[in-house]
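Comments concern the structure below.
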Amino acid sequence: MAKAKSSVDRRGFLKGAAAGTAAISMGALVTQTPAAKAQGQAGQAAGARGSGGAAQTPSGATLARENGNARPGASARVIEHPGSDFMVDVLKTLNIEYLAANPGSTYESLHESLINYGNNQMPEFLTCTHEENAVAMAHGYYKIEGKPMMALIHGDIGLQHAGMAIYNAYCDRVPIFMVVGNHADEAERGAGVQSIHSAQDLGAMVRDYTKWDDEPYSLGAFADSALRGYKFAMTPPMGPVLIVANNEIQAHPMPAERPRIPKLVMTAPPAGDQAAVAEAARMLVAAERPLIQCERAVRTENGVKLLVELAETLQAPVNSTERMNFPNRHPLAGNGGAGYQPDVTLCLEVNDLLNEGRGARARGAKTISISSTALMHKSNIQDFGHYVDIDLDIGADPEATLPYLIDACKKLITADRKRALADRGAKIAAAHLKARQQAVSDASFGWTASPVSLGRLAAELWPLVKNEDWSFVSPQGFFGNWPNRLWNMEKKYHYIGGQGAGGMGYGLPASVGAALANRKYGRLSINVQTDGDFNYSPGVLWTAAHHKIPLLTIMHNNRGYHQEVMFVEQQASLHNRGADRAHIGTKLWDPDIQYAKIAQGYGWYAEGPITDPNDLAPALKRGIERVKKGEPVLIDLVTQPR
Ligand SMILES: Cc1ncc(C[n+]2csc(CCOP(=O)(O)OP(=O)(O)O)c2C)c(N)n1
1352 MAKAKSSVDR RGFLKGAAAG TAAISMGALV TQTPAAKAQG QAGQAAGARG SGGAAQTPSG
1412 ATLARENGNA RPGASARVIE HPGSDFMVDV LKTLNIEYLA ANPGSTYESL HESLINYGNN
1472 QMPEFLTCTH EENAVAMAHG YYKIEGKPMM ALIHGDIGLQ HAGMAIYNAY CDRVPIFMVV
1532 GNHADEAERG AGVQSIHSAQ DLGAMVRDYT KWDDEPYSLG AFADSALRGY KFAMTPPMGP
1592 VLIVANNEIQ AHPMPAERPR IPKLVMTAPP AGDQAAVAEA ARMLVAAERP LIQCERAVRT
1652 ENGVKLLVEL AETLQAPVNS TERMNFPNRH PLAGNGGAGY QPDVTLCLEV NDLLNEGRGA
1712 RARGAKTISI SSTALMHKSN IQDFGHYVDI DLDIGADPEA TLPYLIDACK KLITADRKRA
1772 LADRGAKIAA AHLKARQQAV SDASFGWTAS PVSLGRLAAE LWPLVKNEDW SFVSPQGFFG
1832 NWPNRLWNME KKYHYIGGQG AGGMGYGLPA SVGAALANRK YGRLSINVQT DGDFNYSPGV
1892 LWTAAHHKIP LLTIMHNNRG YHQEVMFVEQ QASLHNRGAD RAHIGTKLWD PDIQYAKIAQ
1952 GYGWYAEGPI TDPNDLAPAL KRGIERVKKG EPVLIDLVTQ PR
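Numbering (my numbering) for the sequence shown: 1352 to 1993.
Structure representation (structure tokens):
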């Protein structure tokens, strides 16, 4: 949401925020832990550890010199109740379990309040080594837990690091509650990093791909903003939201009159217009070959059940391309088989209707869309895709609309129609079975090959996990979609989908975030990890080890950016030149990267590189045993490209 505010207005307002505390300069703001207070060490407690008493810390003047603080000479004072304590009270009303953060001085007051005043609980700090990891962890976490994680971000530089991960979440319609620190007031902040890491309109840096952002100028406004932001994030279409927490409201003392924290009242997701839903039902029941095409169609286990009910009511095939929406072994799963040309396609939360809509129009077929994305668009980033003149466009949340659509369809189906639909269902079921048998046969190709085939990896893993409560927490597109082809995926958490915006560097941290959410359910989290993605920010391995997050990571180590190898080969062919140099700029060899050693260095149990396919199953067994005991484990498998 664009904000127009002049810097003159902002300064005036900030002066208001600082009213009553004008005498206290930045150099004078020193917080104090209870332990330090007991030892009478006021003014030295800024670096004190909560449990071990006050550490010897540099004086305010020394720190000021080193940090370029504007007022090095100011004497230290104590702030008993900083505004950041109130902010913690606000955050606690949101019931957020975890906060992922790479530390930074723009939110130092809030940081200290969270761990001491807030007792590091609800939310609990997760120490991250990169802002992109913090946000991507929150991304993966939501897709298991169904509620947002908080990401706490350091000023403009941290926000720049977080940018791509925010964009992935935005395109994946994933809510993340982000708070970014800032020193807004030039008169109050120091020279050096306090100025360089601050911005006049911090939200502008990511506004094109956050659902909403705000910069509250008082504690009362922070409370409103935080609750409003949480609510916006969680209303379909969901998305990341950003609150700028200016140091001026974090670090100044609480006003005498404590602002009220309002109640969190969530918005019910929008269901489709009754007449439009009735029209959709008429088209679907009359169709000879309907198809249900899903992207982010449903959000919960109940949504999966509803989709099964709709498919069975219509005896229509369900093609699901993103997160798990529909059980993949249901006889109606798939595209209906070879030669099944849909005459009506129902698209559920399909972002870009180019393929479905224009394809249908070309052959005289019809397209219906039910999507919440119709309710929110921004101008700059082109993630909205294409304008397609489809036949019925319902702006609504599919999951909230499904009960009405199912009812409307059932009312229209006569006994005769039911018999015809059952005949169609039997044919679709036969095609489904054929596709599954074909997948089993395809998995045997290159069974004894080294590097190891991905079909073999999927086939070796399945018997080891199928009796566990398992969750596949990485994208499967670069893994040949093998889990969908071979495994039995019936629960929502069996597959959490892809990056959202195709941004690499998502896989490793998102799988750690998802594994964290799975931990409390005792679920076995499985991540098949491509090597290109791994190398963006491997520091999240340390976060997983430090916070004891059990996760089985199997490296799909094809020693390169294979997607790009294929693109360069394609271009070489298009330009009528040989592809023998396509490895330049695309391969990760010479030297081969030692992933097991990297993981061990970050505190993981790790094995490999494995090149003999016969060594794979025993290594997987050992790995699973350790993960079940609570450890993160990495097995480096040298693989075929795809
Ligand atoms: C941030 C980012 N940079 C570059 C790309 C372009 N890109 C798309 S796929 C890909 C290769 C990724 O390599 P890897 O994760 O090893 O998967 P592989 O293609 O080898 O299966 C790259 C670099 C991207 N999508 N995201």
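Even glycine gets a Cβ: it sits at the ideal position worked out from N, Cα and C.
Query	Result
Proximity test, Asp2048 beta-carbon vs ligand 1 heavy atom, cut-off 6 Å	With the chain running from 1352 to 1993 in the structure shown, residue 2048 is simply not present.
Cβ neighbours of Thr1718 in the same chain (closer than 6 Å, five flanking residues each side left out)	Thr1696, Glu1707, Gly1708, Ala1711, Ile1741 and Asp1742
Beta-carbon proximity check, Asn1670 vs Leu1658, cutoff 7 Å	no
Close-in-space but distant-in-sequence residues of the same chain around Ile1732 (CB under 7 Å, 5 per side omitted)	Asp1559 and Tyr1560
Secondary structure of Ser1720, DSSP reduced to three states	strand
Any non-hydrogen atom of ligand 2 within 6 Å of Asn1484 CB	Of the ligands this structure carries, namely ligand 1, none is ligand 2.
Three or more C-beta pairs below 8 Å linking the segment 1576-1592 and the segment 1455-1469	no
Rounded distance between the beta-carbons of Tyr1468 and Phe1528, thought under 8 Å	In fact, because the Cβ distance is near 19 Å, the residues do not count as touching under 8 Å.
Own chain residues within Cβ distance below 8 Å of Asp1882, not counting five before or after	Met1906, His1907, Asn1908, Asn1909, Arg1910, Gly1911, Leu1939, Ile1944 and Tyr1946
Environment of Phe1830 [buried if 16+ CB atoms lie within 10 Å]	buried
Under 7 Å between C-beta atoms of Lys1315 and Val1595	The structure shown does not extend to residue 1315, since the chain is modelled only from 1352 to 1993, so the question has no answer here.
Glu1976 versus Arg1807: straight-line alpha-carbon distance, rounded	20 Å
Coil, strand or helix - Phe1918 by DSSP	helix
Boundaries (first-last residue) of the alpha helix (DSSP H) holding Ser1435	Gly1434 to Lys1443
Cβ contact (3+ pairs, closer than 8 Å) linking the segment 1485-1493 and the segment 1851-1865	yes
Inter-residue spacing [alpha-carbon to alpha-carbon] between Gln1914 and Pro1606	56 Å
Neighbourhood of Ala1968 by C-beta, 8 Å cutoff - its chain only, sequence neighbours within 5 removed	Glu1811 and Leu1815
Exposure of Ile1616, with buried meaning 16 or more beta-carbon neighbours within 10 Å	According to the sequence provided, residue 1616 is Val. The question's Ile does not apply to it. That one is exposed.
For Phe1885 and Gln1511, the rounded distance between their alpha carbons	20 Å
C-beta atoms of Leu1726 and Ala1632 nearer than 7 Å	no
N-terminal and C-terminal residue of the beta strand (DSSP E) that Pro1641 is part of	Pro1641 to Cys1645
Meets three-Cβ-pair contact criterion under 8 Å: the segment 1827-1842 and the segment 1788-1803	yes
Reference Ala1930; option with closest CA among Gly1685, His1783 and Val1916	Val1916
Endpoints, alpha helix (DSSP H) assigned at Asn1670	Where Asn1670 is concerned, there is no enclosing alpha helix (DSSP H), although the beta strand (DSSP E) it sits in stretches over Val1669 to Ser1671.
Tyr1844 and Ser1822 closer than 7 Å at C-beta	yes
Chain-ordered residues, beta carbon under 6 Å from a heavy atom of ligand 1	Met1515, Phe1829, Gly1853, Gly1854, Met1855, Gly1856, Thr1881, Asp1882, Gly1883, Asp1884, Asn1909, Gly1911, Tyr1912, His1913, Gln1914 and Glu1915
Boundaries of the beta strand (DSSP E) in which Ile1764 is found, first to last residue	Careful: Ile1764 lies outside any beta strand (DSSP E) and carries neither H nor E.
Outcome for Gln1601 when other beta-carbon atoms lying within 10 angstroms are tallied against a minimum of 16	buried
Cβ of Arg1928 within 7 Å of any chain B Cβ	No chain B appears in the structure shown, which is made up of a single protein chain.
Residues near Ala1747 in its chain [Cβ-Cβ closer than 7 Å; skip 5 each side]	Pro1621, Ala1622, Gly1623, Ile1721 and Ser1723
DSSP-derived helix/strand/coil call for Met1634	helix
Sufficient close CB pairs (3 or more, under 8 Å) joining the segment 1947-1963 to the segment 1894-1902	yes
Pairwise C-alpha distance: Asp1565 and His1603	20 Å
Option in Glu1539, Asp1694 and Gly1514 with minimal Cα separation from Leu1553	Gly1514
Gln1827 classed as buried or exposed, judged by whether at least 16 other C-beta atoms fall within 10 angstroms	buried
Three-state class that DSSP yields for Leu1699 in the structure shown	strand
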